[in-house]
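In order, the protein sequence lines correspond to chains U and C. Going by this note's numbering, the first residue of the first sequence is number 1, and it counts up by one from there. Going by this note's numbering, the first residue of the second sequence is number 549, and it counts up by one from there.
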Amino acid sequence: MNHSRRRSFLLLLVLLIPFSLRAQITSERLLHASDEPQNWLTYSGSYASQRYSALQQVSPTNVNNLELKWVFQAQSLQKFESTPLVVDGIMYLTQSPNDVVALDAKTGRVFWVYHYAPSPAARPCCGIVNRGVAILGDSLFMATVDAHLVAIDAKNGHALWNVKLAEPAAGYAMTMAPLVVKDKVIVGVAGGEFGVRGFIAAFEARTGKQAWRFDTIPKPGEPGHESWRGGDWEHGGGAVWITGSYDPELNLTYWGTGNPGPDWNPEQRPGDNLYSDSAVALDPDTGKLKWHFQFTPGDPYDYDSVQVPVLVNANWNGNPRKLMLWGNRNGFFYVLDRATGKFLAGHPFIKVNWASGIDASGRPIITPQPPGAPTFPGIQGGTNWYSPSYSSRTGLFYISTWEDYATIFSGVNAEYREGQRYTGGANTSPIPGAENPSGARLGPVNTYTEALAHGAVVALDPETGKAKWKFEMHDVNTSGILTTASDLLFVGGREGYFQALDARAGTLLWKQNLGGEIIAGPITYQVEGKQYVSIASGNGMFTFALRE
Amino acid sequence: MKLRNLTRYGLLQCAVVCIVLVLRGPAAKAQGQDRAPQYFQADIQYGAQIFVSQCTSCHGENGDMIPGVNFRAGQFKRVLSDNDLRATITTGVPGTAMQPFTFGASELTGIVAYLRNMSNFNARGLMVGNAGRGQALFEGAGTCATCHAVNGKGPRFAPDMGDIGVLRTADLLHKTLLDPAGTMLPVNRPVRAVTRDGKVINGRRLNEDTYTVQLIDEQERLLSLTKADLREFTVLKTTSMPSYKDKFSAQELADLEAYLLSLKGVK
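(1) In the DSSP assignment, find the beta strand (DSSP E) that holds aspartate 164 of chain U and state where it starts and stops.
(2) Using a Cβ-Cβ distance cut-off of 7 Å, determine whether glutamate 768 of chain C contacts chain U.
(3) Buried or exposed: arginine 494 of chain U, going by 16 or more other Cβ atoms within 10 Å of its Cβ?
(4) Out of curiosity, what's the CA-to-CA distance linking proline 437 of chain U and aspartate 404 of chain U?
(5) Among U/Leu482, U/Trp469, U/Thr42, U/Tyr497, whose alpha-carbon lies nearest the alpha-carbon of asparagine 513 of chain U?
(6) Where does alanine 653 of chain C fall in DSSP's three states?
(7) For phenylalanine 111 of chain U and chain C, any beta-carbon pair shorter than 7 Å?
(8) Going straight from the alpha carbon of isoleucine 518 of chain U to that of glutamate 418 of chain U, what length do you get?
(9) Going along chain C in order, which residues have a C-beta closer than 8 Å to the C-beta of lysine 155 of chain U?
(10) Roughly how many angstroms separate the alpha carbons of asparagine 259 of chain U and valine 196 of chain U, rounded to a whole number?
(11) Which residues in chain U sit within 7 Å of leucine 809 of chain C, going by Cβ to Cβ distance?
(12) Let me check one thing: in DSSP terms, what residues is threonine 428 of chain U bridge-paired to?
(13) Taking Cβ-Cβ distances shorter than 8 Å, what residues in chain C pair up with tryptophan 70 of chain U?
(14) Using 8 Å as the Cβ pair cut-off and three pairs as the minimum, do the segment 319-338 of chain U and the segment 349-365 of chain U touch?
(15) Pull the bridge partners of alanine 177 of chain U from the DSSP assignment, please.
(16) By the 10 Å Cβ neighbour count, where 16 or more other Cβ atoms means buried, how is glutamate 805 of chain C classified, buried or exposed?
(17) At a CB-CB cut-off below 9 Å, which residues of chain C make contact with alanine 205 of chain U?
(18) Can you check the segment 188-227 of chain U for any beta strand (DSSP E) of at least 3 residues that lies completely inside it and give the ranges in chain order?
(19) Have a look at the DSSP bridge pairing and note the partners of tyrosine 532 of chain U.
(20) Any beta-carbon of chain C closer than 7 Å to the one on threonine 107 of chain U?
(21) Check distances from the C-beta atoms of the segment 733-756 of chain C to those of chain U and list, in chain order, the residues that come in under 8 Å.
(22) Does glutamate 193 of chain U pass the burial test, meaning 16 or more other C-beta atoms within 10 Å, or should it be called exposed?
(23) Does the CB of tryptophan 291 of chain U have a neighbour CB from chain C at under 7 Å?
(24) Have a look at C/Ile592, C/Gly710, C/Pro707 and flag the residue whose alpha-carbon is nearest the alpha-carbon of asparagine 665 of chain C.
(25) In three-state terms, what does DSSP make of serine 361 of chain U?
(26) Note down, in chain order, each residue of its chain lying with its Cβ closer than 8 Å to the Cβ of glutamate 687 of chain C, except the 5 sequence neighbours on either side.
(27) Any beta carbon of chain C sitting closer than 7 Å to that of histidine 158 of chain U?
(28) Please confirm if asparagine 64 of chain U has its CB atom under 7 Å from at least one CB of chain C.
(29) Any chance the segment 781-792 of chain C sits against the segment 656-665 of chain C, with 3 or more Cβ pairs inside 8 Å?
(30) What residue range is occupied by the uninterrupted beta strand (DSSP E) comprising asparagine 319 of chain U?
(31) Between the segment 633-662 of chain C and chain U, which residues of the former have CB atoms less than 7 Å from a CB of the latter, in chain order?
(32) Tell whether a beta-carbon distance below 7 Å holds between glycine 424 of chain U and proline 262 of chain U.
(33) Are three or more beta carbon pairs between the segment 678-685 of chain C and the segment 620-637 of chain C nearer than 8 Å?
(34) Express the C-alpha separation of glycine 45 of chain U and glutamate 55 of chain U in angstroms, rounding to a whole number.
(35) In angstroms, rounded to a whole number, what distance separates the CA positions of leucine 571 of chain C and leucine 801 of chain C?
(36) Mind pulling the beta strand (DSSP E) runs of 3 or more residues that sit fully within the segment 453-478 of chain U?
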């Protein structure tokens, strides 16, 4: 090949390469997911998990012109907790039990459906749910309720590989959207109510071969095991059921772990019960633990630390620092140094009486309530797994909360039997004497009302932990949050309203009754120059855009 | 009927024992409302191959080794309908050596068809079809792999064949190889669209409604087109897949079918 022909060939290659790369989701694209706001490439929108979008076509001045563009009706009456991905105009979502649906993000019309029939032995604690998929290359990855990880061809919905992680009959399940880091797919297992021993594991995206596994409950000889008595660790819980985050500069992936087992009887497991209710920082290449921070040692309340770790680079005491913001189910908002795990601050964001505060080391100063007295927050926590959001424009951390919410906790002895519930609790919530009956709320009539709690969206200043504003709801708030570069905040709630707030002031700018509980996180994306906002409500995925 | 562990029933075993008739006779007529209206020859043959590998150790070659049961004579202990047969096979018989068996739909269709036709089916006239040779035909002389992927390996314009052995019965696979256009699922038909600015889009239809059509095009892109934006939209009833009727011998067809039937999807 002569010089000019070779130059022409190279030029052609340069021209062609972007197109061929564009067709696939490379790990490089995932690293810079925030730079292509027309897409939503990971569960939380980016590795920093801020659930923030640079899109700003929909703004406070025109949000009133949002109109419904399409609805996808899930073929399931289970809770719809899926956060979709959007990749170059194609939306990928999951519907219960473990279907993946590819549809046109502009019209909602379906390209294909992948059906997965989980084992009848599957027994997730709290619903046959799934929260979404991850993508790398042309492959989607889904964790299943019978504890399998499945790779699916994103073009035709055909299964590529399927690996079993754990025994569903023993209570192991998976409900989270996986996290892809480099060439690996990372997932964790649920089952904290069944006495499982939790773990996080990584698999080669191409083959499904396990690359590493980190057990969240250390066995004898491993660091942290000293926090357990005898054989209590064997059914020690520490489940992991919400997607983690990743800092490529530090090469650390962060995950939250769940309650120790049995949930509500700490007398059966004296000690701190590491690494339950913790943030763990792992090397994504090896699974090695770099650091951990335990939020609720020896937890008697089921205060899972299964929240999305939000990574923020900001000034702390005047100096730039790599922070991790964490609104915990235990009612405290934490700021950690994510390079070291060092505790920087912890403040209550709702009414709390199980601890009077957090000491300088990050350990709660516990104030256990007398038997029969209510503990704030109650079982569901001050918040739960609902995705928070952080806007670098406002500098605020946004979180869905349960306000004035208590439970009377009482532990009872639990005997471990494989596959049976292992919770050790006889708890009461709402508390006795409340004017409404207890029991789970079903349907559109709000039987809980003020007897149980009410919800809110709270905007926290990370530096002070103080609320900049609060948007109160009558019913409790089970929704994730999305913020955008136009300073809009989108949030749902159990009442079924999908709302747009002013992210700076918390004022209501727009709302739409979608008629079903919102128990997922909103996303936004753009197709052919038009910005869309999507949210799952009831059994439908609803998508809005500005009226033409 | 003692049924061995299905996990042992894989591609290689299938290659060894896959038995298919060289000559395909007319399909057997079924009788009564508790039976299928018709049992197809290819299904009967497929069922015969499964029976040989999975059932004969207990039931014997003629299906008469269990007291009170004689398949060839149509004698069963508790089975009346085809659905009863399927249920007995898939749930087993508690307290006996007959254990539950996790067959796929096409396998069940085959076994039921064979059990209903053992009396007039000459198993000694069977010949061995080889899934390994079938795979070689799929990837070679048949040029199937130039359009079809298997579990993600290969092009995506045509449907992935990775689980075709579950999705299609032996009879339907046989007919597909002889008459592809006649057995194509309508949703998979080729479409041709011309946009208002003259751009031609050829693809395979995935979904369609009154106003839009969804397809995968020749560049393997998922496209959703609004019909109002199209100058021309045609659904073709032809297919680029050739018929193998005159291209392959009966033995080669048997081999290819054996391979396709062995594709059970990702486990």
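Glycine included, each C-beta is placed from N, C-alpha and C at the ideal position. Predicted, not measured: the structure shown is a model, and the values here were computed from it.
With the given structure in hand:
(1) In the sequence as displayed, the identity of residue 164 of chain U is lysine instead of aspartate. It spans 159-164 - the beta strand (DSSP E) in which lysine 164 of chain U sits, taken as one unbroken run.
(2) yes
(3) buried
(4) Its pLDDT being 45, under 50, proline 437 of chain U is placed unreliably by the model, and nothing is read from it.
(5) U/Tyr497
(6) helix
(7) yes
(8) 33 Å
(9) Arg704, Ile764, Glu768, Leu770
(10) 11 Å
(11) What leucine 809 of chain C touches in chain U: nothing, since even the nearest Cβ is about 18 Å away.
(12) U/Ile408
(13) Those do not exist, as tryptophan 70 of chain U stays about 11 Å from chain C at its closest Cβ, beyond 8 Å.
(14) yes
(15) In the DSSP output, where bridge partners are listed per residue, alanine 177 of chain U has none listed.
(16) buried
(17) By Cβ distance, chain C contributes nothing, its closest Cβ being about 12 Å from alanine 205 of chain U, past 9 Å.
(18) 199-204, 210-215
(19) U/Tyr525, U/Ala545
(20) yes
(21) Leu754, Asn755
(22) buried
(23) no
(24) C/Ile592
(25) coil
(26) Ala693
(27) yes
(28) no
(29) no
(30) 319-327
(31) none
(32) yes
(33) no
(34) The question names glutamate, yet the displayed sequence has leucine at residue 55 of chain U. Answer to the nearest angstrom: the Cα atoms are 12 Å apart.
(35) In this prediction, leucine 571 of chain C has a pLDDT of 34, which is less than 50 and means its spatial position is unreliable; nothing more can be read from the coordinates.
(36) 454-460, 467-472
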